[in-house]
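In terms of my numbering, the sequence shown is residues 2 to 565. Cβ coordinates follow ideal geometry from the N, Cα and C atoms, glycine included. Let me begin by presenting the structure, written as structure tokens, before commenting on it.
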Amino acid sequence: MEAGAILVKHGLLSAEQLNQLRVDRPEATRLDVAAIDLGLVTEEAALRALGDEVGIPFVDLEQQQIDLSLLQNFPLKLIHRHSLFPIARQNGTLKVATSDPFDLYPLDELSATTGLTIEPVLSPREQIARRIKSHLGVGSETIDDLMALQEEEDIQLLDEIDVDGNLSDEAHEASVIRLVNEILIEAIESRASDVHVESQAAGIKIRYRIDGLLHPQPVPPEINRFQAAIISRLKIMARLNIAEKRLPQDGRIKLRVAGREVDVRVSVIPMLHGEGIVMRLLDKGRMNLSLESIGMEPDLAKSYGDLIRIPHGIILVTGPTGSGKTTTLYSSLMEIKDEETKIITTEDPVEYQLEGINQIQVHPKIGLTFAASLRAILRHDPDVVLVGEIRDMETAENAIQASLTGHLVFSTLHTNDAPSAYTRLVDMGVEPFLVASTVEAVMAQRLVRSLCKKCREPFQPKQDDLPKDFPWDELMKRGTPLYHPKGCRACRNIGFTGRQGIFELCATNDAVRQLAHDRASSWEIRKAAREAGMRTLREDAWLKVLSGVTTMDEVVRVTKGDRL
Numbered sequence: 002m003e004a005g006a007i008l009v010k011h012g013l014l015s016a017e018q019l020n021q022l023r024v025d026r027p028e029a030t031r032l033d034v035a036a037i038d039l040g041l042v043t044e045e046a047a048l049r050a051l052g053d054e055v056g057i058p059f060v061d062l063e064q065q066q067i068d069l070s071l072l073q074n075f076p077l078k079l080i081h082r083h084s085l086f087p088i089a090r091q092n093g094t095l096k097v098a099t100s101d102p103f104d105l106y107p108l109d110e111l112s113a114t115t116g117l118t119i120e121p122v123l124s125p126r127e128q129i130a131r132r133i134k135s136h137l138g139v140g141s142e143t144i145d146d147l148m149a150l151q152e153e154e155d156i157q158l159l160d161e162i163d164v165d166g167n168l169s170d171e172a173h174e175a176s177v178i179r180l181v182n183e184i185l186i187e188a189i190e191s192r193a194s195d196v197h198v199e200s201q202a203a204g205i206k207i208r209y210r211i212d213g214l215l216h217p218q219p220v221p222p223e224i225n226r227f228q229a230a231i232i233s234r235l236k237i238m239a240r241l242n243i244a245e246k247r248l249p250q251d252g253r254i255k256l257r258v259a260g261r262e263v264d265v266r267v268s269v270i271p272m273l274h275g276e277g278i279v280m281r282l283l284d285k286g287r288m289n290l291s292l293e294s295i296g297m298e299p300d301l302a303k304s305y306g307d308l309i310r311i312p313h314g315i316i317l318v319t320g321p322t323g324s325g326k327t328t329t330l331y332s333s334l335m336e337i338k339d340e341e342t343k344i345i346t347t348e349d350p351v352e353y354q355l356e357g358i359n360q361i362q363v364h365p366k367i368g369l370t371f372a373a374s375l376r377a378i379l380r381h382d383p384d385v386v387l388v389g390e391i392r393d394m395e396t397a398e399n400a401i402q403a404s405l406t407g408h409l410v411f412s413t414l415h416t417n418d419a420p421s422a423y424t425r426l427v428d429m430g431v432e433p434f435l436v437a438s439t440v441e442a443v444m445a446q447r448l449v450r451s452l453c454k455k456c457r458e459p460f461q462p463k464q465d466d467l468p469k470d471f472p473w474d475e476l477m478k479r480g481t482p483l484y485h486p487k488g489c490r491a492c493r494n495i496g497f498t499g500r501q502g503i504f505e506l507c508a509t510n511d512a513v514r515q516l517a518h519d520r521a522s523s524w525e526i527r528k529a530a531r532e533a534g535m536r537t538l539r540e541d542a543w544l545k546v547l548s549g550v551t552t553m554d555e556v557v558r559v560t561k562g563d564r565l
């Protein structure tokens, strides 16, 4: 019985769908594969049905205990060429996962190679591929090709070799290109925000930053022999000088992956054991620039939404690097953008191109600084101005002058909380009365990882196990559980998917304005803001825990307890 008819027999396809597949895909050798490609049936359901018919059991590799020692003597070419993966060995029988129940030749070849009886089981191709990457390393198949090529042509790549783009063989160069592409594609599929390629004494190390935390990536040890070629390839892609290995360099790569545009910012720095590369991945296809999507509580979103619509003044967003400030500012601009409002930004760098908004990339080396570009912007009759960062007194003074002449100015500062922004501006040299009269609001923020909704586990905590400032009474009032991360296929066994913002909005009321005018300390301003109803970062984070969005450990990791 053909594969398509088996799916019909098991109720996964209708006879009409099968006939339509024969018409639409006359060249398809396997109609079950065509049905999976079109989304008519899942691969798991199809494999279970086909396995029942041909007598091969289905195994979920995510739940399966695997004997990794089998990989040491397993022919790696069969793993990569035919997507096979060994699971267990008992006496003379080797259990092997495959995703194709009809292609038995590789199993016969494996039996002949190992001298063992092969017991096949069926698993989805994606699960097998994930196991290969997890245990053999990213790009392991390409490394095999490179090693084979090296053996054939007696090529020896040394760490100190001067790779100038003229690699010795076209096929060799193609394999390096494929290896680098695999590293980038795996990072994008893993939702990584940064890729760290680090040169260390023991060799090359690759780590992906996913949802704010670094995750080491398994790579084949043979990759160390191609360290220079990999770094040179990345520098070529970023249009950098590959001969310069003593000075830091910055570049940019534009990619299109699965129909999505991805911008890659590349930074190269010479380290003790070679050059280190960090790539920031800006995936435009995954960006959702709206105040609702970044995680603001409804009451805060309303208050902030009113503030960003005032006619003039300064609104500051503060927080450390990587806390989501730019995303919040972009979301704010998209919220107020319309045909009657002219918005101009000056940024370093321009992270995302926004439709309908005029954006300037600053170039300090040629004199186009934030301050200089801001002076020029004001001659273009804007209504709203975004200054990427207030770094010095000149930029701060120009931003204040812009707000005093009837413009709404958005910008960022690096402070730990919202009230500290007022004192930071005064410390820069801005007159306190100008700070008090122009800054309308300051919002501090951080990012916490969001629990995977498909696998999070509820639990009832004991009060003694919770931090002292946890809102226990509110938890009892709600009567809802808290949640632990678990890990599943959807979240790649991390337990978290994506991040949400936690916020601390300090609106400049009369009391705060007076304290800023009087050069009061940040803790006095904080006390006044708290009395006026400001919710701190920690308090906002606890609301995310109570709602099941994140965990207590995440809150403790990114915030400190409130003293007031």
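Beta-carbon spacing of residue i, residue j below 8 Å
{"i": "ARG281", "j": "ASP195", "result": "yes"}
{"i": "VAL122", "j": "ILE224", "result": "no"}
{"i": "LEU19", "j": "GLY40", "result": "no"}
{"i": "ILE604", "j": "ALA517", "result": "Limits of the chain in this structure are 2 at one end and 565 at the other, which puts residue 604 out of reach."}
{"i": "VAL42", "j": "LEU13", "result": "yes"}
{"i": "LYS326", "j": "THR413", "result": "yes"}
{"i": "ARG569", "j": "ASP563", "result": "Residue 569 lies beyond the residue range present for the chain, which begins at 2 and ends at 565; the question has no answer from this structure."}
{"i": "VAL198", "j": "ILE278", "result": "yes"}
{"i": "ILE7", "j": "LEU51", "result": "yes"}
{"i": "GLY213", "j": "ARG500", "result": "yes"}
{"i": "SER84", "j": "ARG31", "result": "no"}
{"i": "VAL431", "j": "MET394", "result": "yes"}
{"i": "THR551", "j": "LEU467", "result": "no"}
{"i": "THR424", "j": "VAL388", "result": "no"}
{"i": "PHE371", "j": "THR396", "result": "yes"}
{"i": "VAL267", "j": "ALA239", "result": "yes"}
{"i": "SER333", "j": "ILE361", "result": "no"}
{"i": "LEU256", "j": "LEU185", "result": "yes"}
Contacting residues, own chain, Cβ-Cβ under 6 Å from residue i (five flanking each side not counted)
{"i": "CYS507", "result": "ALA419, PRO420, VAL443, ALA530 and MET535"}
{"i": "ALA422", "result": "LEU317, THR319, LEU414, THR416 and VAL443"}
{"i": "PRO249", "result": "ILE270"}
{"i": "ILE67", "result": "ILE88"}
{"i": "HIS11", "result": "ALA50"}
{"i": "GLY93", "result": "LEU117 and THR118"}
{"i": "GLU45", "result": "PRO125"}
Opening and closing residue of the alpha helix (DSSP H) in which residue i lies
{"i": "ASP307", "result": "299-308"}
{"i": "ARG514", "result": "511-518"}
{"i": "GLU525", "result": "523-532"}
{"i": "ILE378", "result": "371-378"}
{"i": "PHE460", "result": "Here PHE460 belongs to no alpha helix (DSSP H); instead the beta strand (DSSP E) covers 458-460."}
{"i": "TYR423", "result": "421-429"}
{"i": "SER438", "result": "433-439"}
Nonlocal neighbours in the same chain, by C-beta distance under 7 Å from residue i, ignoring five residues either side
{"i": "ASP382", "result": "LYS343"}
{"i": "ARG234", "result": "VAL177, ILE178 and VAL181"}
{"i": "ILE520", "result": "In the sequence as presented, Ile is not what sits at residue 520; that position holds Arg. Around ARG520: VAL427 and PRO433."}
{"i": "ALA437", "result": "ARG514, ALA517 and HIS518"}
{"i": "GLN128", "result": "LEU62 and GLU63"}
{"i": "ASP470", "result": "ARG539, GLY562 and ASP563"}
{"i": "ALA403", "result": "LEU375, LEU379, VAL386 and VAL410"}
{"i": "MET288", "result": "TYR353"}
{"i": "ALA16", "result": "VAL9"}
{"i": "PHE75", "result": "PRO87"}
Cβ-based neighbour list, residue i, same chain, cut-off 8 Å, excluding 5 preceding and 5 following
{"i": "PHE460", "result": "PRO482, LEU483, TYR484 and HIS485"}
{"i": "ARG82", "result": "PRO107"}
{"i": "GLU293", "result": "ALA302"}
Residues that DSSP places opposite residue i in a beta bridge
{"i": "GLY252", "result": "VAL267"}
{"i": "LEU334", "result": "None; LEU334 has no bridge partner."}
{"i": "ALA347", "result": "One point to set straight first is that residue 347 is Thr, not Ala, in the sequence displayed. Answer is ILE361 and VAL388."}
{"i": "THR413", "result": "VAL318"}
{"i": "THR94", "result": "GLN91 and THR118"}
{"i": "VAL42", "result": "DSSP output for VAL42 lists no bridge partner at all."}
{"i": "MET444", "result": "VAL318 and LEU506"}
{"i": "ARG257", "result": "GLU262"}
{"i": "MET272", "result": "GLY275"}
{"i": "GLY204", "result": "GLN201"}
{"i": "ARG450", "result": "ARG500"}
Range of the contiguous beta strand (DSSP E) that encloses residue i
{"i": "ALA193", "result": "193-201"}
{"i": "GLY275", "result": "275-284"}
{"i": "TYR484", "result": "483-485"}
{"i": "LEU547", "result": "Unbroken run through LEU547 is the alpha helix (DSSP H), 538-547; no beta strand (DSSP E)."}
{"i": "PRO217", "result": "214-217"}
Min CB distance residue i to chain B below 8 Å
{"i": "MET477", "result": "The question asks about chain B, but that chain is absent: this structure has only one protein chain."}
Taking three-plus beta-carbon pairs below 8 Å as touching, is the segment 183-200 in contact with the segment 267-282? Counting Cβ pairs under 8 Å, three or more are found: they touch.
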